[in-house]
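Visitor: Just dropping this structure here.
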Amino acid sequence: MDYSNLLLAEEDGILIVTINREKALNALNTQTMLELKHLFTEDVPRRSLKGVVLTGAGPKAFVAGADIKEFMGLGDQGGQEMAQRGHDIFFAVERCSVPVVAAVNGFALGGGCELAMACHMRVAAASARFGQPEVNLGIIPGYGGTQRLIQYIGKSKAMELLLTADMIDAKEAHRLGLVNHVVPAGEEVGHAKALIEKTATKGPVAIAKIIETVNAYFAEGTDGFAEEVKAFGETTRTEDFKEGASAFTEKRKPNFKGS
Ligand code: CAA
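What follows is the structure, given as structure tokens:
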């Protein structure tokens, strides 16, 4: 697929993806969502990557939400279809087998906050702002915000942010547990890459299984403990485990192959 709204750059096995609609504060229109879908369902699984960094173009916004101008006027059916498509795409991000880190460079509002929350970790520039302002528009979040915000910051604070549409700064987002790290503006992509480099020194099968089993905690009808038992068994029969255990006893660094 030719991407028109995403800029892709692969650096040392890390894919840097920049949502590139700066004039619209990188709002997620249909084309951008289609490109994200293709990226996470077709492109990323085919590449051999250490991880993916997601960021927004320009200094002002990560993503300022779904593109309001595009979806105004949708009726119930159209709105449900839009939300379902968004859920499917953001689940694809969340289920990616290599770490996906959001480098939040500015406003992460509505669908932008939801996209950041679908990533496995979040590094925020000190200038970043987070919020779910949908009630200002008379709607509710449609890309998972009512569910994932609770997972990160708990029901009480999530309820407040969702009901008041208040924006929080990076420091508060960090205090609440929504973001992993806050760094000076301009350093967020580098910091996100460094996090991925750290995970790339570990067993790749184990990294993928961690993502799967942590996600299992939140999956309806799934027993996360049972998933852990299964995944633990699977990792113990890998070449990676043989290598990791040998390296430990031989007091050297492991050389994992991801099998
Ligand atoms: N959709 C479409 N266009 C957007 C946009 C969005 N979500 N956010 C910003 N833009 C556009 C503006 O319309 C403006 O375009 P024009 O120059 O053509 O008028 C441009 O980006 C710059 O924005 P502002 O002039 O508004 O910039 P500002 O500095 O004054 O304000 C802001 C910045 C506070 C982020 C403000 O733009 C804003 O409130 N944006 C909307 C945020 C929002 O409500 N997001 C939720 C969207 S709904 C959603 O996401 C639902 C869901 O869960 C699926």
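Under my numbering, read the sequence shown as residues 2 to 260, first letter to last.
For every residue, glycine included, the Cβ atom is placed at its ideal position computed from N, Cα and C.
Taking only three categories from DSSP, how would you classify residue 201?
Guide: Here residue 201 sits in coil by DSSP.
Visitor: For residue 38, is the classification buried or exposed, using 16 other Cβ atoms within 10 angstroms of its Cβ as the cut-off for buried?
Guide: The residue in question, residue 38, is buried, as its Cβ has 16 or more Cβ neighbours within 10 Å.
Visitor: Which of the three DSSP states is assigned to residue 75 in this structure?
Guide: Here residue 75 sits in coil by DSSP.
Visitor: Determine the DSSP secondary structure at residue 122, reduced to helix, strand or coil.
Guide: Looking at residue 122 - three-state DSSP - the assignment turns out to be strand.
Visitor: Can you tell me whether residue 118 is buried or exposed? The criterion is at least 16 other CB atoms within 10 Å of its CB, across all chains shown.
Guide: Flag for residue 118 reads buried.
Visitor: Do residue 58 and residue 23 have their CB atoms nearer than 7 angstroms?
Guide: Against a cut-off of 7 angstroms, the Cβ pair of residue 23 and residue 58 comes out as a contact.
Visitor: Can you give me the start and stop residues for the beta strand (DSSP E) that residue 11 sits inside?
Guide: Per DSSP, residue 11 belongs to the beta strand (DSSP E) from 7-12.
Visitor: Which one or two residues does DSSP pair with residue 102 in a beta bridge?
Guide: Answer by DSSP bridge pairing, in chain order: 54 and 122.
Visitor: Is residue 227 buried or exposed, if buried means 16 or more other CB atoms sit within 10 Å of its CB?
Guide: So residue 227 ends up on the exposed side.
Visitor: Starting from residue 132, follow its DSSP beta bridges and name the residues at the other end.
Guide: Residue 132 is bridged to 110.
Visitor: For residue 91, which residues from the same chain have a beta carbon less than 7 angstroms from its beta carbon, with the 5 sequence-adjacent residues on both sides left out?
Guide: Excluding residues within five positions, the ones whose Cβ falls inside 7 angstroms are 115, 116, 119, 144 and 145.
Visitor: To the nearest angstrom, how far is the alpha carbon of residue 156 from that of residue 179?
Guide: One C-alpha to the other measures close to 13 angstroms.
Visitor: Given a cut-off of 7 angstroms, decide if residue 134 and residue 110 are closer than it, judged by their beta-carbon atoms.
Guide: Taking 7 angstroms as the Cβ cut-off, residue 110 and residue 134 qualify as a contacting pair.
Visitor: Note the first and the last residue of the continuous beta strand (DSSP E) segment covering residue 62.
Guide: Per DSSP, residue 62 belongs to the beta strand (DSSP E) from 62-64.
Visitor: When the Cα atoms are used, what is the spatial distance from residue 164 to residue 240?
Guide: In a straight line, the C-alpha of residue 164 is about 50 angstroms away from that of residue 240.
Visitor: Which residues in the same chain have their Cβ closer than 8 angstroms to the Cβ of residue 74, if we skip the five residues on either side of it in sequence?
Guide: Nothing meets the Cβ criterion.
Visitor: Does the beta-carbon of residue 169, which I'm using as the reference point, lie nearer than 6 angstroms to any heavy atom of the ligand CAA?
Guide: No - the ligand CAA has no heavy atom lying nearer than 6 angstroms to the Cβ of residue 169.
Visitor: What is the residue span of the beta strand (DSSP E) that residue 17 lies within?
Guide: Counting along the chain, the beta strand (DSSP E) containing residue 17 begins and ends at 15-20.
Visitor: Using 8 angstroms for Cβ pairs, my map puts residue 193 next to residue 125. What's the rounded Cβ distance?
Guide: The pair is not a contact, with the Cβ atoms about 10 angstroms apart (cut-off 8 angstroms).
Visitor: Can you confirm whether the segment 2-10 touches the segment 181-196 when touching is taken to mean that 3 or more C-beta pairs between the two stretches lie within less than 8 angstroms?
Guide: No, because fewer than three Cβ pairs between the segment 181-196 and the segment 2-10 fall closer than 8 angstroms, the two stretches do not touch.
Visitor: Report, in whole angstroms, the separation of the C-beta atoms of residue 121 and residue 212, which I expect to be a contact under 8 angstroms.
Guide: Indeed they touch by this definition, with Cβ atoms about 6 angstroms apart.
Visitor: Assuming contact is defined by CB atoms lying nearer than 7 angstroms, are residue 236 and residue 210 in contact in what I supplied?
Guide: Yes, the Cβ-Cβ distance between residue 236 and residue 210 is below 7 angstroms.
Visitor: Can you name, in chain order, every residue of its own chain whose Cβ lies under 6 angstroms from the Cβ of residue 10, other than the five neighbours on each side?
Guide: Hits under 6 angstroms: 17.
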